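Position 103 (the sequence shown) corresponds to 103 in this note's numbering; numbering is contiguous.
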Amino acid sequence: MARNILAFGAHPDDIELGCAGTLCKHVKAGNNVYLCVLSEGQEAGDPKARKKEQEEAVRRLEAKELIWGGWVDTRFEVSKESIDFIESVVSKVKPYEIYVNYSNDSHQDHRALVQCVISATRYNKRVLFYEDYTSYNFQPDIFVDIEDVLSDKLHIVSAFESQVSRNFPSGQKMLDGVKAIANFRGFQARINYAEGFKAVRYLKLDI
Numbered sequence: 001m002a003r004n005i006l007a008f009g010a011h012p013d014d015i016e017l018g019c020a021g022t023l024c025k026h027v028k029a030g031n032n033v034y035l036c037v038l039s040e041g042q043e044a045g046d047p048k049a050r051k052k053e054q055e056e057a058v059r060r061l062e063a064k065e066l067i068w069g070g071w072v073d074t075r076f077e078v079s080k081e082s083i084d085f086i087e088s089v090v091s092k093v094k095p096y097e098i099y100v101n102y103s104n105d106s107h108q109d110h111r112a113l114v115q116c117v118i119s120a121t122r123y124n125k126r127v128l129f130y131e132d133y134t135s136y137n138f139q140p141d142i143f144v145d146i147e148d149v150l151s152d153k154l155h156i157v158s159a160f161e162s163q164v165s166r167n168f169p170s171g172q173k174m175l176d177g178v179k180a181i182a183n184f185r186g187f188q189a190r191i192n193y194a195e196g197f198k199a200v201r202y203l204k205l206d207i
């Protein structure tokens with residue numbers, strides 16, 4: 001039986017950087033993957049271009065649906081209205097598992113979104129944080145082997161052309177970082193490549 005999987009991201013590319021490999025595995029397993037991206041990321045590029053990039057990434061992932069939040073980049077608020085919106089998405093999708101940005105993060109939008117999601121998903125049994133390069137002290141307690149879908153993840157992330165072409169202060173490109181993190185998390189898990197997650201709540205449901 002197909003399960004519904006829901007991933008929240010504050011901006012275009014957040015979800016893909018954090019858990020595109022795991023979402024690929026869900027799609028290949030026949031599950032329905034839904035992405036909810038709260039803003040168009042207008043503070044980090046042309047919003048029209050970033051929106052198109054996100055839509056292309058969803059196409060490459062073969063996700064079921066992309067839901068836009070219409071929130072304003074860098075101005076997220078923890079409010080009843082915001083929590084109500086998250087609750088409405090959760091109510092619509094009825095997810096088996098939920099993924100969201102990590103709470104300890106340098107970006108204020110990520111922190112605000114997490115607070116809203118934690119409140120809105122208080123009755124959901126499986127909620128997981130994924131990591132981003134803006135995460136602080138991320139120590140995963142769950143690992144997913146993504147060796148078989150690493151090339152898929154890189155292909156999906158490469159849809160964000162305006163972002164992958166940027167040089168980080170270290171001189172690295174985004175795709176270099178994606179592969180390096182996958183390699184490091186794999187090393188921690190004693191496999192080749194992995195994505196790491198931290199459980200907000202993780203009830204074992206399939207025994």
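We put the CB at the ideal spot given by N, CA and C, even for glycine. Remember, predicted model here, so these are calculated numbers, not experimental data.
8 Å Cβ cutoff met for residue i and residue j
i	j	result
residue 195	residue 36	no
residue 93	residue 23	no
residue 174	residue 149	no
residue 116	residue 91	no
residue 109	residue 73	yes
residue 112	residue 78	yes
residue 98	residue 145	no
Inter-residue Cα distance where the pair is residue i and residue j
i	j	result
residue 11	residue 202	25 Å
residue 104	residue 1	35 Å
residue 188	residue 38	31 Å
residue 199	residue 118	12 Å
residue 163	residue 76	21 Å
residue 3	residue 65	14 Å
residue 56	residue 87	26 Å
residue 140	residue 181	12 Å
residue 40	residue 106	19 Å
residue 70	residue 85	10 Å
residue 147	residue 17	15 Å
residue 186	residue 151	15 Å
residue 63	residue 49	20 Å
residue 43	residue 51	13 Å
residue 58	residue 96	20 Å
Contacts around residue i, its chain only, beta-carbon distance under 6 Å, and the 5 residues preceding and following it disregarded
i	result
residue 138	102, 131
residue 160	13, 53
residue 129	102, 198
residue 9	15, 37
residue 21	146, 149, 153, 195
residue 135	102, 105
residue 31	2, 3, 5
Whole-Å CB distance - residue i paired with residue j, under 8 Å assumed
i	j	result
residue 89	residue 61	About 18 Å separates the two Cβ atoms, so there is no contact after all.
residue 100	residue 114	6 Å
Contacting residues, own chain, Cβ-Cβ under 8 Å from residue i (five flanking each side not counted)
i	result
residue 154	175, 178, 179
Contact test: residue i Cβ vs the ligand MN heavy atom, cutoff 7 Å
i	result
residue 86	This structure lacks the ligand MN, and indeed carries no ligand of any kind.
Own chain, CB closer than 7 Å to residue i, minus 5 neighbours either side, in chain order
i	result
residue 26	5, 33
residue 183	193
task = List in chain order: all unbroken beta strand (DSSP E) runs of 3+ residues lying wholly within the segment 13-37.
result = Entirely contained in the segment 13-37, the beta strand (DSSP E) runs reaching 3 residues are, in chain order, 32-37.
task = Identify every run of the alpha helix (DSSP H) within the segment 119-200, keeping only runs that are complete inside it and at least 4 residues long; order them along the chain.
result = Counting only runs of 4 or more, we get 150-157, 161-164, 174-189.
task = Tell me the start and end of each unbroken beta strand (DSSP E) in the segment 44-112 that is at least 3 residues and wholly inside, in chain order.
result = Qualifying beta strand (DSSP E) stretches, in chain order: 65-68, 97-100.
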